[in-house]
Amino acid sequence: MSETAQRTGEDGLAERVVALARGMRDAGVPVSPPEVTDAVAGMAAVPLQRREAVRAAVGAALVKQPDHREVFDRLFDVYFPLRRIVQPASPARRGGDRRAGEEQDDAAELARALREGDEEHMASLARERVDEYAQPQGDANVSVDSYVFRALRGLNLDAVLDAARDEPPEGDGQSLLKSQVSPEDLTQRLDAFRQMLHDEAFSRMLEAAGTEAMASRQQRQAPEDIDFLWAKESDLERIRALLAPLARSLTRRLSHRRRSARRGHLDVRRTIRRSLSAGGALVEPHFRRSSAGKPEIVLLCDISGSMRAFAKFALELTYAVATQFQQVRAFVFVDALDEVTGVLASTGSMATALQRIDDEADVIAVDGQSWYGNCLEQFWSRAGRDLSAGATVLIIGDARANYRSTGSEHLQRVRERVRRVYWLNPEPAEHWDTGDSMVSEYAAVCDRVSEVRNLRQLEKFVAEVL
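Take the sequence shown: its letter number 385 is residue 390 in this note's numbering, and every next letter is one higher.
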């Protein structure tokens, strides 16, 4: 490389560091000019082909507090992306929704790759899954984790790990001994596969959306706008901190609405009629009374996999404003259903109650994958007779049936007995009715299906509907 070309390349990298620092400032992280200079100097001291070494050198200069690290890492991935070799999946593996048998083929291939430590095969599978299921577009406002979530659809990773662990290796005694893989190694390899999916989806989003749009998206989100489905633990803590003040605000608003409903709405026609009978003099206004009282709420919450966090927030918020409801009953499910009303009512701490639900709820009947048909049938058989005509049923779930029975006929019976049925889906609406998603079938029975991806949308739903 000529001296001029080398200098040009270094100048380009320095510009990336400057842009990264600007993005950090825009996200509220203080970065001084001397720190940017130190970051450029640190980057020059490490081999540029070692990306993680560059990350460490630049981060050492720009990150001064632990809570700044997340913003830095997100922006570093934008301005110093992985070089992706475009290897699209073969046409035979493309082409829309695939059924359970084909998913099992992918699961078997992944289990074998994990067992053998075949990173090339894992990377190939990651590309194919992103090609078929995720297909990232140029919308930088969509979370990359949502594409990873789609790419993993239909893959039961717990079952994949079990298969990788249990499959007997081939070979003679010496090769068998060498081929033994510890559970820890298998877990690390599965984490590496998840990261491959993330990197593949992110690089495609970056190509489609552009650097500046992606940099803006990677800056720290307000907690009320973080998607429940792919929130990290640090994000969940920030969301949880907002629940108590949000509950107080909703309680005031719902209470005011109940008082207004009791008073009723101004009946203009009767008020004018009274005024005319009194010679046109203004008399006491007449109000049309409302018969609406406190509703009875019945919650059905899918707590499988990534749905668990959203279900817990919905339970916590509903019980925090429980004084505004006549009665609250709660059920949780995966492939079986269990009522947890007693646990929530008898446990003083909501955190303790939610932990008890994790530990004690009897929600696994077969394999731990969502089975809406079985759970809706159980709900109807156990609680159907007790449902009142004034009840409102809220279903919290992604409506993905895993190619099993949907149970919509049981939901129809529920709908015929109650006042309203609402479905809250944390998946982005553009993902509905793809793969095993049965949103339209359930929507035909429900009064309303709402996208509720974050706390802001959950607050809006509660305030508008309940």
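Cβ coordinates follow ideal geometry from the N, Cα and C atoms, glycine included.
Checklist entry - So Y324 is in the alpha helix (DSSP H); what residue range does that whole segment cover? => result Against the sequence shown, residue 324 aligns to sequence position 319. That run of the alpha helix (DSSP H) goes 312-325.
Item to check | Residue closest to A394, alpha-carbon to alpha-carbon, out of V467, E421, A227, A327 | outcome: By 1-based counting over the sequence shown, the position of residue 394 is 389. Looking at the Cα atoms, E421 is the closest of the given residues.
Checklist entry - Expressed to the nearest angstrom, what Euclidean distance is found between the alpha-carbon atoms of R56 and Q142? => result As a working note, residue 56 is residue 51 in the sequence shown. As a working note, residue 142 is residue 137 in the sequence shown. In a straight line, the C-alpha of R56 is about 26 Å away from that of Q142.
Next on the checklist: Restricting to Cα atoms, I'd like to know which of V34, L18, G159, D110 is closest to R409.
Outcome noted: What you label residue 409 is simply residue 404 of the sequence shown in a count that begins at 1. When each option's Cα is compared against that of R409, the closest is G159.
Item to check | Closest by C-alpha distance to V68, when choosing among M48, P35, A50 | outcome: Taking the sequence shown and counting its residues from 1, one reaches residue 68 at position 63. For V68, the nearest C-alpha among the options comes from P35.
Item to check | N- and C-terminal bounds of the alpha helix (DSSP H) containing Q383 | outcome: Within the sequence shown, the letter at position 378 stands for residue 383. Here the alpha helix (DSSP H) through Q383 covers 377-388.
Item to check | Nearest candidate by alpha-carbon position, reference Y377, set L202, R170, T411 | outcome: On the sequence shown, position 372 is the one that residue 377 refers to. Checked all of L202, R170, T411; the closest Cα to Y377 is T411.
Next on the checklist: Taking the beta carbon of H436 as the centre, do at least 16 other beta carbons fall within 10 Å, making it buried, or is it exposed?
Outcome noted: As a working note, residue 436 is residue 431 in the sequence shown. So H436 ends up on the buried side.
Checklist entry - Which one of V454, A227, A252, R253 has the shortest CA to CA distance from L241? => result Here residue 241 is taken as the residue at index 236 of the sequence shown, counted from 1. For the residues V454, A227, A252, R253, the minimum Cα distance to L241 belongs to A227.
Item to check | Three-state secondary structure assigned by DSSP to A131 | outcome: By 1-based counting over the sequence shown, the position of residue 131 is 126. Looking at A131 - three-state DSSP - the assignment turns out to be helix.
Item to check | Chain-order list of residues whose beta-carbon lies under 6 Å from that of V326 (same chain, five-residue window excluded) | outcome: The sequence position of residue 326 within the sequence shown is 321, counting from 1. The answer, listed in chain order, is A252, L255, T256.
Item to check | C-beta contact flag for L381 and Y427 at 8 Å | outcome: Position 376 of the sequence shown, counting from 1, holds the residue named residue 381. Position 422 of the sequence shown, counting from 1, holds the residue named residue 427. Cβ distance not < 8 Å, so L381 and Y427 don't count as in contact.
Item to check | With 16 other Cβ atoms within 10 Å as the buried cut-off, status of T323 | outcome: Looking up residue 323 in the sequence shown gives position 318. Under this definition T323 is a buried residue.
Checklist entry - What residue from N146, L305, I401 has the CA that sits closest to A335's CA? => result In the sequence shown, residue 335 corresponds to position 330, counting from 1. Per the Cα distances, L305.
Next on the checklist: So, with DSSP's three-state summary, where would you put E150?
Outcome noted: As a first step, residue 150 must be located in the sequence shown, where it is residue number 145. According to the sequence provided, residue 150 is Asp. The question's Glu does not apply to it. D150: helix per DSSP, three-state reduction.
Checklist entry - Exposed or buried, what is P188 when buried is set at 16 or more other beta-carbons lying within 10 Å of its beta-carbon? => result The residue labelled residue 188 in the question sits at position 183 within the sequence shown. With fewer than 16 other Cβ atoms within 10 Å, it is exposed.
Next on the checklist: I369 and V339 - do their beta-carbons sit closer together than 8 Å?
Outcome noted: As a working mapping, residue 339 is identified with position 334 in the sequence shown. As a working mapping, residue 369 is identified with position 364 in the sequence shown. Contact flag set, yes.
Checklist entry - From this set, Q417, L162, A44, A145, which residue's C-alpha is nearest A449's C-alpha? => result Residue 449 sits at position 444 when you count from the first residue of the sequence shown. That would be Q417, whose Cα lies nearest to the Cα of A449.
Checklist entry - How would you call N459, buried or exposed, if buried means at least 16 neighbouring beta carbons within 10 angstroms? => result As a working note, residue 459 is residue 454 in the sequence shown. Result: buried.
Checklist entry - Tell me which same chain residues have a C-beta within less than 6 Å of the C-beta of F315, skipping the five on either side of it? => result As a first step, residue 315 must be located in the sequence shown, where it is residue number 310. If we look at F315 and ignore the five residues flanking it on each side, its Cβ neighbours are F233, P431.
Checklist entry - Going by the CB atoms, is the gap between A62 and M48 shorter than 8 Å? => result The residue given as residue 48 occupies position 43 in the sequence shown. The residue given as residue 62 occupies position 57 in the sequence shown. Their beta carbons are under 8 Å apart, which means M48 touches A62 by this criterion.
Item to check | Sub-8 Å separation of Y84 and L130 beta-carbons | outcome: The residue labelled residue 84 in the question sits at position 79 within the sequence shown. The residue labelled residue 130 in the question sits at position 125 within the sequence shown. Contact: no.
Next on the checklist: For the beta strand (DSSP E) containing R453, name the first residue and the last one.
Outcome noted: Against the sequence shown, residue 453 aligns to sequence position 448. Here the beta strand (DSSP E) through R453 covers 453-456.
Checklist entry - In this structure, what does DSSP give as the bridge partners for Y138? => result The sequence position of residue 138 within the sequence shown is 133, counting from 1. In the DSSP output, where bridge partners are listed per residue, Y138 has none listed.
Next on the checklist: By the three-class DSSP mapping on this structure, what secondary structure does R422 have?
Outcome noted: Here residue 422 is taken as the residue at index 417 of the sequence shown, counted from 1. It is helical.
Checklist entry - Quick one, which of R243, V22, D123, E137 has its alpha-carbon nearest D72's? => result Along the sequence shown, read from residue 1 onward, the residue named residue 72 stands at position 67. Checking every option, the nearest Cα to that of D72 belongs to R243.
Checklist entry - Just how far apart, CA to CA, sit E75 and V153? => result Here the question's residue 75 lines up with position 70 in the sequence shown. Here the question's residue 153 lines up with position 148 in the sequence shown. Going by the C-alpha atoms only, they are around 19 Å apart.
Checklist entry - Whose CA, out of Q223, R425, S151, N161, lies closest to the CA of L202? => result Counting from 1 along the sequence shown, the entry for residue 202 is found at position 197. The candidate whose alpha carbon is nearest that of L202 is S151.
Checklist entry - Can E20 be considered in contact with the ligand MN, in the sense that its beta carbon sits closer than 7 Å to one or more heavy atoms? => result Looking at this structure, you won't find the ligand MN or any other ligand, since it has none at all.
Checklist entry - Does DSSP classify E20 as helix, strand or coil? => result In the sequence shown, residue 20 corresponds to position 15, counting from 1. Helix, per DSSP.
Checklist entry - Count the other CB atoms within 10 Å of the CB of E365; is the residue buried (16 or more) or exposed (fewer)? => result Here residue 365 corresponds to residue number 360 of the sequence shown, with the count starting at 1. Exposed, by the Cβ-count rule.
Checklist entry - What distance in whole Å lies between the Cβ atoms of L80 and Q200, which are believed to be in contact at a cut-off of 8 Å? => result For this step, residue 200 is matched to residue 195 along the sequence shown. For this step, residue 80 is matched to residue 75 along the sequence shown. In fact, because the Cβ distance is near 18 Å, the residues do not count as touching under 8 Å.
Next on the checklist: Per the DSSP calculation, F338 is bridged to which residue(s)?
Outcome noted: For this step, residue 338 is matched to residue 333 along the sequence shown. Answer is D307, L342.
Next on the checklist: Less than 8 Å between the beta carbons of A404 and V457, yes or no?
Outcome noted: Indexing the sequence shown from 1 puts residue 404 at position 399. Indexing the sequence shown from 1 puts residue 457 at position 452. Taking 8 Å as the Cβ cut-off, A404 and V457 do not qualify as a contacting pair.
Next on the checklist: I'd like the span of the beta strand (DSSP E) that includes A220, first residue to last.
Outcome noted: Walking along the sequence shown from the start, residue 220 turns up at place 215. From DSSP, A220 is part of no beta strand (DSSP E) but of the alpha helix (DSSP H) over 216-223.
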